[in-house]
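Q: If you read the sequence shown in UniProt numbering, its first letter stands for residue 1, the second for the next number, and so on.
Please see the structure below; I have some questions.
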Amino acid sequence: MFGQVEAFAGDPILSLNDSFKTDPRPEKVNLSIGVYTDEQGRLPVLDSVRAAYERNGFAERPYLPMEGHPAYREGVQKLIFGAAHPALTEKRIATIQTIGGTGAVGIAADFLAKHCPGRTVLVSDPTWDNHHGLFQRAGFKTTTYSYWNRANRSVDFDGMVKALEAAEPGSIVVIQPVCHNPTGVDLDERQQASVTDVLVAKGHIVVFDMAYQGFGTGLDEDAAFVRRYAERASCLVANSFSKNFSLYGERCGGLSIVCRDSDESERVLGQLKLAVRRSYSSPPMTAGLLVATVLGNDDLRAQWTREVETMRTRMVSMRKLLAEQIRSLSNEIDVGFLTNQRGMFSYTGLNEQQVTTLRERDGVYLVGSGRMCVAGLNEANVPKVAKSFVEVSQA
Ligand code: PMP
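So, in C-alpha cells, the structure goes:
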C-alpha cells in the first residue's frame, strides 16, 4: 500500500548530530547542532526554571485553551514588545503559545496561506532551512533575498535592500531580527531603520523570527528592531524559548501578530485559535506553566534574566578565546569575524571539503556550510579547535 513512499533523506544537521554521538573518539567536539551547552559541555537546567517546576508541583492536567496559558501569552508580549509598547497597551497584539519556534513559524505560514494567499515569500540567503520548508508546506513558493557577503563576512546590505525593493508589493518577508542563523551577522540600527522604510513603503508583510532573544546584546536590546518596526506597521513575530530557557524538548514558543486595532486583533486571535485547533488542538501544559511561572513572577524573571546573561557572556568569551588562540598559532588568518558576529552561530568561511577534513581527521563537527555553533566551545576544547582550524585553513 505504501510501496511508493520515498525514503526521507534526513535532516542534515540532525544526522550530523547522530554521527557525532556514535563517533568513538573521546576528544571529539560538537559544534554542529544549535544547542547551548555550558563550560562542562552539558545542557544547563536553569535555576529559575527548576524553581518554577518546584513551585508548580504536579497537579491536574486539563487541556490548555487553544491559544495557550494566559500568563504565558502575557509574558511573551511583555518580553518581546516591552510593557509600555503602544501596540500592547492598546491591546492590538494577538498572541498564542506555540510548539516551539518551529510551531510559531508553522502557524504563521498556515495563517498567511489562508488570509493572504498567493504572495511571494522571501527568506534570507542563507537561512534556517525550515523557513523554506514550513512556508512551502503551507502552499507558498519561497525565494530569497541576498543576506551574506562572503568576501567580508558581513551582511550584504545593498543586495538585501535591492531584493526587497524589487519584490512584488505585499510580499511576505521573513526576517531574523537578532543572532541570525546560520551566519551570526545582524543588521545594525541604521540598517534596520532603512530596511524598515523599504518594508513599510512596499507594504510587505514581515514575519520576524526571533529564536535567540537575549543571546545578542540583552533581552531588551535584542528586541529593539521588532519593537520599532511594530510602532510603524503590523507584523508577525515568532519567538522560541528553546535556547534562552534551555527548554528544547518542552517545545516552548510564541506567535504574536501586531494588528491595526483591538477589534482586528480579536479576529486575528480567533483565526489563530482555529489554525491551532485544526493542527494540534492546544499546546502543552508543562511547557506553558514553566515559562508562565518564570515570566510572571518578578523574582524568577530577574533570576532568569541573569541566567540568560551568563549564557550570552560565556559565548562572547569563547569567541574571544578561539580568536586569540588561532591568532597565537598564525597571524595570517583574519579572525575578526569571530568576535564581530553574534549569538550562537558563526559562519567561518570554511568550505565543505575543509569541514569534512575537520570532522574526519580531528573529530571537530561543524555544519557543511561552515557554520560553527560557538556555544559548543569551552576552555578545554578551544585549543584543539584552534589548532584544527589553523591546519585546515593553511592546507
Ligand atoms: N527559527 C530559527 C531561526 C531557528 O534557528 C530555530 C531553531 N534552530 C527555530 C526557529 C526553531 O525553534 P524551536 O527549536 O524552538 O522549534
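Yeah, the Cβ is synthetic: ideal placement off N, Cα and C, and Gly gets one too.
As the structure is a prediction and not an experimental result, all values here were calculated from the model.
If Cys179 and Arg342 are in contact, beta carbons under 8 Å, what's the gap, nearest whole angstrom?
A: 5 Å
Q: Tell me whether residue 408, by its Cβ, gets closer than 7 Å to a heavy atom of the ligand PMP.
A: Summary: the structure shown does not reach residue 408, with the chain confined to residues 1 through 395, and so no result is reported for it.
Q: Within the present structure, is the beta-carbon of Val207 separated from the nearest heavy atom of the ligand PMP by less than 7 Å?
A: Checking every heavy atom of the ligand PMP against the Cβ of Val207, none is found closer than 7 Å.
Q: When every heavy atom of the ligand PMP is checked, does at least one fall within less than 7 Å of the C-beta of Ala211?
A: Yes, the ligand PMP has a heavy atom inside 7 Å of this Cβ.
Q: The ligand PMP and Asn297: does any heavy atom of the ligand fall closer than 7 Å to the residue's C-beta?
A: no
Q: Can you tell me whether Asn297 is helix, strand or coil according to DSSP?
A: Reduced to three states, the DSSP call for Asn297 is coil.
Q: Rounded to whole angstroms, what's the CA-CA distance from Asp158 to Tyr248? Just pull it up for me.
A: 36 Å
Q: Using only alpha-carbon positions, find the residue among Pro12, Gly3, Tyr36 that is nearest to Cys373.
A: Tyr36
Q: State the Cα-Cα distance for the pair Thr313 and Met1, rounded to the nearest angstrom.
A: Cα to Cα, the separation comes out at about 54 Å.
Q: Just checking my contact of Asn181 with Trp128 at CB under 8 Å: how many whole Å lie between their CB atoms?
A: About 5 Å separates the Cβ atoms of Asn181 and Trp128, confirming a contact at the 8 Å cut-off.
Q: Between Arg190, Val291, Tyr280, Glu391, which has its C-alpha nearest Ser330's C-alpha?
A: Glu391
Q: Out of curiosity, what's the CA-to-CA distance linking residue 398 and Gly254?
A: Because residue 398 is not part of the residues shown, which for the chain are 1 to 395, the question remains open.
Q: Short of 6 Å in beta carbon distance, which residues of its chain neighbour Val268, apart from the five on each side in sequence? Order them along the chain.
A: Within the same chain, Val268 has close Cβ partners Ala94, Ile257, Cys259.
Q: If we count Cβ pairs, one from each stretch, closer than 8 Å, do we get three or more for the stretch 72–85 versus the stretch 130–140?
A: no
Q: Identify whether Arg72 lies in helix, strand or coil by the three-state DSSP scheme.
A: Correcting the residue type first, residue 72 is Tyr in the shown sequence and not Arg. It is helical.
Q: Mind checking Pro177: buried by the 16 CB within 10 Å criterion, or exposed?
A: buried
Q: Tell me, to the nearest whole angstrom, how far the beta carbon of Ala88 is from that of Ile172; I am working on the premise that it is less than 8 Å.
A: Looking at the sequence provided, one finds Leu at residue 88 rather than Ala. Wrong, their Cβ atoms sit about 24 Å apart, outside the cutoff.
Q: Whose C-beta lies closer than 8 Å to the C-beta of Tyr145 among residues of the same chain, with five residues either side of it excluded?
A: Leu122, Val123, Ser124, Asp125, Gly159, Met160, Ala163, Leu164, Ala167, Val173
Q: Out of Val206, Leu300, Glu324, Thr357, point me to the one whose CA is closest to Glu379's CA.
A: Glu324
Q: At a cut-off of 7 Å, is Ser242 close to the ligand PMP when judged by its beta-carbon and the heavy atoms of the ligand?
A: yes
Q: Can Gly101 be considered in contact with the ligand PMP, in the sense that its beta carbon sits closer than 7 Å to one or more heavy atoms?
A: yes
Q: Can at least three beta-carbon pairs, one atom from the stretch 289–297 and one from the stretch 49–65, be found at a separation below 8 Å?
A: yes
Q: When every heavy atom of the ligand PMP is checked, does at least one fall within less than 7 Å of the C-beta of Val105?
A: Remark: the C-beta of Val105 is in contact range of the ligand PMP, defined as less than 7 Å to any heavy atom.
Q: Quick check on Glu354: buried or exposed, where buried means 16 or more other Cβ atoms within 10 Å of its Cβ?
A: Correcting the residue type first, residue 354 is Gln in the shown sequence and not Glu. Gln354 is buried by the Cβ-count criterion.
Q: Suppose the cutoff is 8 Å on Cβ atoms and the five residues either side in sequence are ignored; what does the same chain contact list for Arg277 look like?
A: Correct list, in chain order: Met66.
Q: Tell me the rounded alpha-carbon separation between Asn56 and Val206.
A: Near 37 Å, if we compare the C-alpha coordinates of Val206 and Asn56.
Q: Going by DSSP, what residues sit across from Arg371 in a beta bridge?
A: Tyr347
Q: So Lys91 packs on Ser262, CB below 8 Å; how close in whole Å?
A: Lys91 to Ser262, Cβ: 4 Å. Contact.
Q: Can you give me the start and stop residues for the alpha helix (DSSP H) that Ser48 sits inside?
A: Unbroken alpha helix (DSSP H) run through Ser48: 47–56.
Q: The ligand PMP and Gln341: does the residue's C-beta get closer than 7 Å to at least one heavy atom of that ligand?
A: no
Q: With a threshold of 7 Å, establish whether the CB of Asn17 neighbours any heavy atom of the ligand PMP.
A: no
Q: Shorter than 7 Å, the distance from the beta carbon of residue 397 to the closest heavy atom of the ligand PMP, or not?
A: One cannot answer for residue 397 here, as it falls past the ends of the chain, which runs 1 to 395.
Q: Would Thr183 be called buried (16 or more neighbouring beta carbons within 10 Å of its own) or exposed?
A: buried
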